[in-house]
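Chains as they are written, first to last, in this note's numbering: chain A, 1 to 519; chain B, 520 to 791.
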């Protein structure tokens, strides 16, 4: 800044007059004079520069001052022609909202639908009302969304009937599960065939080698066959989705091996159907299979109904009374039991889903018979059969046993039963809560009943889960007299043996001499 | 969960499955007002529900001037009559850990007994006994210590050391609510002092005075999801199954509730 002599003189005259304020004002006016070459003035530039330093607080600010000043001047050049448009990525919430918007649209052939015809999807809102009295539920808006999602499911897959089974919580996201009855047109591509094919391939490669390796005599324990679709643990099939509005995914049917493995592990769900289940004992399958196995266990353990609602199928000419029923029909003559009665004793509730046996199926199968058919070397197999004992058939409680027969575990009764309200028992519903599967609820108000599961999908383990111990190491060779080790005889023992042998020989020689003498 | 926000905040945590019946909610709204005036609390929270075999316990917590230290818990069997829970001492914690096992029975005067026979030649049986009321108090204390959650910035610590609600808390943004570092335990901090100084330099001391959730061991014991059509951030604890925390981003609404069996999940390492 160059001061002309005239200005300097003016300043001195102002000093003499006194006010510093006027000095400051005139200096400020000088700063605010716009430059002749550009539109800027020094005052604004200094304000912006100091504001930038205040915001950014750079290290060694005094050294980078000139650079910052230049950058400011460069940045003030505005590009009026912007050819790039802002690309807005929709947030997760917005994408879900678009998908859920489909829930609210009518079906395309809405005009042809007759609203009086019974539709396959349940009246979830009515259930939600009663379940709220029982103290379980997902919130009214969520239930409404689930209702619409079930409607879409029934329409898209053409299911005659479906039911909301419940919700299983996971660490990354949760599963909402719908249950549907098996109809005869459904065929499933079984993935278990792949496992069997792998086993056959392994045994096949051994035969192709030029030097035959000694074949191991180990036979895999025979695989328990899966139950046919529509019976036992595979009676229903299940659809899952993470959020109502997202597409429903059908779960594969469950195999007994998966159920037995699921009984021994305690693993949480992540929310992704294809994530691996790492556990000991190893689980044969992915999270979709594990989820299906847990659903099967929970259904078998906690799906209950008022006694009398279902009746067993009466077959003509039934000879064996031990045959387990696996189907039951709705009893048309059911009149309803008052909720006060239902809330008083456990014997007014019955299981209407078959119990899963230790084998992993609902009906027992003798796996020993299968070995004869499958094995190549029948002689060996026949020998093994003679040695092995016949496996004992397993029995479970028959269908429609009442809950008072359920066994107590870990010193807690398996069920907790109460009325939903103590103040107004006249309008209350009976609420049944499972203690073995925390999260399983059932209610009954006389004519209506419902089961639901909302929880983490794990059984109550009492003091804590302890994993299975690995099996003991196998013996390398069978022990027998030719293989067992014996101690080498010590010198004294050898001496003794030799002495004893010599004595024997002497005695024999004497006997022979005596005989000769006699002769 | 703040009592004033109870009507709408129960919808946010309903995704965990356990909700209060209409009768319980209306009874709470009436009785908690009376409790607040009787005990002269500044704020009263509905803490949660512990499910017992025969009856359930409803627990409420009243806060005084200092939110961290002036805390009193009350319990009720029917949401109408509230009784004060005894304050927890170390001796009580030890008694409960020795004697109490299994589910809560639902009867506050039930006595748990645990017999330990000393085989040192004396052959005397030492009996540890504790009432269910004390077990309830200790359980509430443990859950608050290990699983209580507040978003960062919701509480401020004044110069005198008082912890109070932050009236100008605008809520976490959507991206901030996805990170576990922005949620903190509401308890006396334990791991705070061990942080290196360069990390501490970036904190605002009035807000960052609590332990952060991402430091919890084992990692993965919190499940962070966005529920209710992805509008609400919901945190669920896997250590205490049943504890649910909700926060609506960009609003000051937040709270946590415990509805569960009242038992620590000892199977957590197997579940992960």
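Cβ atoms here follow ideal geometry from the backbone N, Cα and C, with glycine treated the same way. Remember, it's a predicted structure, so these values are computed and weren't measured experimentally.
Query                                                                                                                                                                                                           : Result
So what's residue 719(B) in DSSP terms, helix, strand or just coil?                                                                                                                                             : helix
Would you decide whether residue 380(A) is buried or exposed? Buried here means 16 or more other CB atoms lie within 10 Å of its CB.                                                                            : Residue placement at residue 380(A) cannot be trusted, given a pLDDT of 42 that sits under 50; what the coordinates show is reported in the next sentence. With fewer than 16 other Cβ atoms within 10 Å, it is exposed.
Give the DSSP-derived three-state secondary structure of residue 24(A) in the structure shown.                                                                                                                  : helix
Contact criterion: CB-CB distance below 8 Å. Does residue 89(A) meet it with respect to chain B?                                                                                                                : no
What do you get for residue 576(B), buried or exposed, if any count of 16 or more other CB atoms within 10 angstroms of its CB means buried?                                                                    : buried
Touching or not, the stretch 665-673 of chain B and the stretch 687-707 of chain B, by the rule of three or more beta carbon pairs under 8 Å?                                                                   : yes
CB residue 150(A) to CB residue 128(A), shorter than 8 Å?                                                                                                                                                       : no
Below 7 Å on C-beta distance, what does residue 540(B) contact in chain A?                                                                                                                                      : 132, 133, 135 and 420
Give me the Cα-Cα distance between residue 635(B) and residue 646(B), rounded to the nearest whole angstrom.                                                                                                    : 6 Å
Mind listing, in chain order, the continuous beta strand (DSSP E) runs of no fewer than 3 residues lying wholly within the stretch 418-501 of chain A?                                                          : 430-434, 440-444 and 449-455
Please list, in chain order, the chain B residues whose beta carbon lies closer than 9 Å to that of residue 429(A).                                                                                             : Here the premise fails: no neighbours, minimum Cβ distance about 10 Å.
Since residue 403(A) and residue 346(A) are thought to touch, with beta carbons under 8 Å apart, how far apart are those beta carbons, to the nearest angstrom?                                                 : 4 Å
Please list the residues of the stretch 753-764 of chain B that have a C-beta atom closer than 8 Å to any C-beta atom in chain A, keeping them in chain order.                                                  : 755, 757 and 760
Is the beta carbon of residue 618(B) less than 8 Å from the beta carbon of residue 100(A)?                                                                                                                      : no
Check whether the Cβ atoms of residue 361(A) and residue 232(A) lie closer than 8 Å to each other.                                                                                                              : yes
Against chain A, does residue 525(B) count as a neighbour if the rule is that its beta carbon must be under 8 Å from one of theirs?                                                                             : no
Check whether the Cβ of residue 785(B) lies closer than 8 Å to any Cβ atom in chain A.                                                                                                                          : yes
Classify residue 523(B) as buried or exposed, calling it buried when 16 or more other Cβ atoms lie within 10 Å of its own Cβ.                                                                                   : exposed
Could you name the residues of chain B that residue 266(A) contacts, counting a contact when the two beta carbons are closer than 9 Å?                                                                          : 786, 789 and 790
Could you work out which residues of chain D lie near residue 410(A), taking near to mean beta carbons separated by less than 9 Å?                                                                              : Among the protein chains in the structure shown, which are A and B, there is no chain D.
Give the DSSP-derived three-state secondary structure of residue 193(A) in the structure shown.                                                                                                                 : The predicted model places residue 193(A) with a pLDDT of 44, which falls under 50 and marks its position as unreliable; any figure quoted below should be read in that light. Three-state DSSP puts residue 193(A) in a helix.
If you reduce the DSSP assignment to three classes, tell me which class residue 71(A) lands in.                                                                                                                 : helix
Between residue 835(B) and residue 765(B), is the Cβ-Cβ spacing less than 8 Å?                                                                                                                                  : Outside the modelled stretch of chain B, which goes from 520 to 791, sits residue 835(B), for which no answer is possible.
Pair every Cβ in the stretch 560-570 of chain B with every Cβ in the stretch 766-773 of chain B, then say whether three or more of these pairs are closer than 8 Å.                                             : no
The beta strand (DSSP E) that contains residue 179(A), what's its start and end?                                                                                                                                : 175-181
Quick check: residue 420(A) and residue 134(A), are their CB atoms within less than 8 Å of each other?                                                                                                          : yes
Compare the C-alpha of residue 338(A) against each of 39(A), 308(A), 332(A) and 352(A) and name the closest.                                                                                                    : 308(A)
Could you check whether the stretch 610-624 of chain B touches the stretch 780-789 of chain B, counting it as contact only if at least three pairs of C-beta atoms, one from each stretch, sit closer than 8 Å? : yes
Please classify residue 407(A): does DSSP put it in a helix, a strand, or coil?                                                                                                                                 : coil
Within the 8 Å Cβ cut-off, does residue 534(B) reach chain A?                                                                                                                                                   : yes
Taking the beta strand (DSSP E) that residue 87(A) falls in, what are its first and last residues?                                                                                                              : Taken as a continuous stretch (DSSP letters only), residue 87(A) belongs to no beta strand (DSSP E), as it is neither H nor E.
Is there a Cβ from chain B that is less than 8 Å from the Cβ of residue 138(A)?                                                                                                                                 : yes
Looking at C-beta atoms only, is the number of pairs between the stretch 528-546 of chain B and the stretch 580-599 of chain B that lie closer than 8 Å three or more?                                          : yes
Please name the residue, chosen from 497(A), 279(A), 515(A) and 349(A), that lies closest to residue 444(A) on a Cα-to-Cα basis.                                                                                : 349(A)
Is it right to say residue 533(B) is buried, meaning 16 or more other beta carbons lie within 10 angstroms of its own, or is it exposed?                                                                        : buried
Taking the beta carbon of residue 763(B) as the centre, do at least 16 other beta carbons fall within 10 Å, making it buried, or is it exposed?                                                                 : buried
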